[in-house]
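In what follows, a structure is listed as structure tokens, so that the remarks can point back to it.
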Amino acid sequence: MDCAAIEVEALQKTYRDGWFNRRQVKALREVSFAVEPGSIFGLLGPNGAGKTTFVKILLGLVHKTGGKASLLGRPAGERLGRGRVGYLPEDHRIPRHLTGNSALSYYGGLSGLTPREVRHRRPALLERVGLGKWGKMSVKKYSKGMLQRLGLAQALLHDPQLYILDEPTDGVDPIGRSEMRTILQELKAEGKTIFINSHLLQEVELVCDRVAILVEGRLRRIGLVKEITDLQEPDVEFTVVGSEPLVRESLAGVDVIAWDGDADGRVRVAVKTPDQPMVNQCIDRLRSHSIDIVAVTRSRNSLEDVFLDTVKNDQDAIDP
349 MDCAAIEVEA
359 LQKTYRDGWF
369 NRRQVKALRE
379 VSFAVEPGSI
389 FGLLGPNGAG
399 KTTFVKILLG
409 LVHKTGGKAS
419 LLGRPAGERL
429 GRGRVGYLPE
439 DHRIPRHLTG
449 NSALSYYGGL
459 SGLTPREVRH
469 RRPALLERVG
479 LGKWGKMSVK
489 KYSKGMLQRL
499 GLAQALLHDP
509 QLYILDEPTD
519 GVDPIGRSEM
529 RTILQELKAE
539 GKTIFINSHL
549 LQEVELVCDR
559 VAILVEGRLR
569 RIGLVKEITD
579 LQEPDVEFTV
589 VGSEPLVRES
599 LAGVDVIAWD
609 GDADGRVRVA
619 VKTPDQPMVN
629 QCIDRLRSHS
639 IDIVAVTRSR
649 NSLEDVFLDT
659 VKNDQDAIDP
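For what it's worth, this note's numbering labels the leading residue of the sequence shown as 349, then goes sequentially.
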């Protein structure tokens, strides 16, 4: 696929609140970005940031106020494009009288599959999401995590090109989250595109290639996970074996920001390093004093750090 899987340009959505003095609520403000095909993309933001509105516009459930939005090369909401999307909504509800098998039959019919096609695909699909032995069981007996797995199965059922997953690991235990990450990576390897809307920042950091951060309807950050979590002024921690005085002598003139020693004779020292040549120089100095280097670790932000800083900076800019 040559076109972007998702593309928005100056996307806007304004709601009107109340019947008389109709206050305008701007849910999206000039949002522009694209999601490359075959990638895993995460949309992040605090409550009320506009994430749900964004997804609803893509699926044609809400009409935009301005700008452009496309899905798999088709205008957002158009039936032909929407039919190639697998959607897992947040807090999805599966009718309680259904079993895992009949639920997939129901959703498969909504996606245009014949009963025969559903019966053919269903066993392997339930096995893939960890519900191989639960197909005949009533969903009333499913835990929340199992319902999420079944919700993912219905999104996979018609083999779409694009997956839009809203809080896909909500209520899923750590083993289940790991299994879901594996499934998402497998889908990516098959050339599928996955768009994730989630509050679980650690999960997003583990699985996504790129992320965007929305705050108050505005796009505040976007980029590769590695790019936006790299520190602008990184520090490097060396774990070495040697006496502290000798280590200090080796790093004389270097901007040392932290020291820590242990009973085994190891010293952990963190230094400010503006570039790789400085790291190389520190290593050369330590080795010239016959100090053994056990580990070299470069510090970085977590995605949660970046997210919280972005939200805080935005609020500070708004507050008087």
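We treat Cβ as the ideally placed atom computed from N, Cα and C, and that holds for glycine.
Computed from a prediction, not measured in an experiment: that's the story for all the values here.
query                                                                                                                                                                               : result
Can you name, in chain order, every residue of its own chain whose Cβ lies under 6 Å from the Cβ of residue 606, other than the five neighbours on each side?                       : 618
Please give the ranges of any alpha helix (DSSP H) in the stretch 592–647, keeping only runs that are unbroken, at least 4 residues long and fully inside the region.               : 592–598 and 624–636
Can you find the residues in the same chain that come closer than 6 Å, C-beta to C-beta, to residue 456, ignoring five residues on each side of it along the sequence?              : 466 and 505
Give me, in chain order, the residues of the same chain whose beta-carbon lies closer than 7 Å to that of residue 532; leave out the 5 immediate sequence neighbours on both sides. : 388, 542 and 555
Per DSSP, which one or two residues make a beta bridge with residue 326?                                                                                                            : Because the chain is modelled from 349 through 668, residue 326 falls outside the range shown and cannot be assessed.
Start and end of the beta strand (DSSP E) containing residue 362?                                                                                                                   : 354–365
Let me confirm a value: residue 373 is counted as buried when at least 16 other C-beta atoms fall within 10 Å, else exposed. Which label applies?                                   : exposed
Tell me which residues share the same chain as residue 438 and place their Cβ nearer than 6 Å to its Cβ, disregarding the 5 neighbours each side in the sequence.                   : 514 and 515
Taking contact to mean 3 or more Cβ pairs, one atom from each stretch, closer than 8 Å, check whether the stretch 438–454 and the stretch 465–479 are in contact.                   : yes
Just grab the DSSP bridge partners of residue 570 for me.                                                                                                                           : 560
Where do the N-terminal and C-terminal ends of the beta strand (DSSP E) with residue 377 fall, by residue?                                                                          : 371–383
Measure the alpha-carbon distance for residue 426 versus residue 418 and round it to whole angstroms.                                                                               : 9 Å
Beta-carbon of residue 443 versus every beta-carbon of chain D: anything under 9 Å?                                                                                                 : Here chain D cannot be found, since the structure has a single protein chain.
Can you tell me which of the three DSSP states residue 540 falls into?                                                                                                              : coil
Which residue or residues does DSSP assign as beta-bridge partners of residue 589?                                                                                                  : 614 and 640
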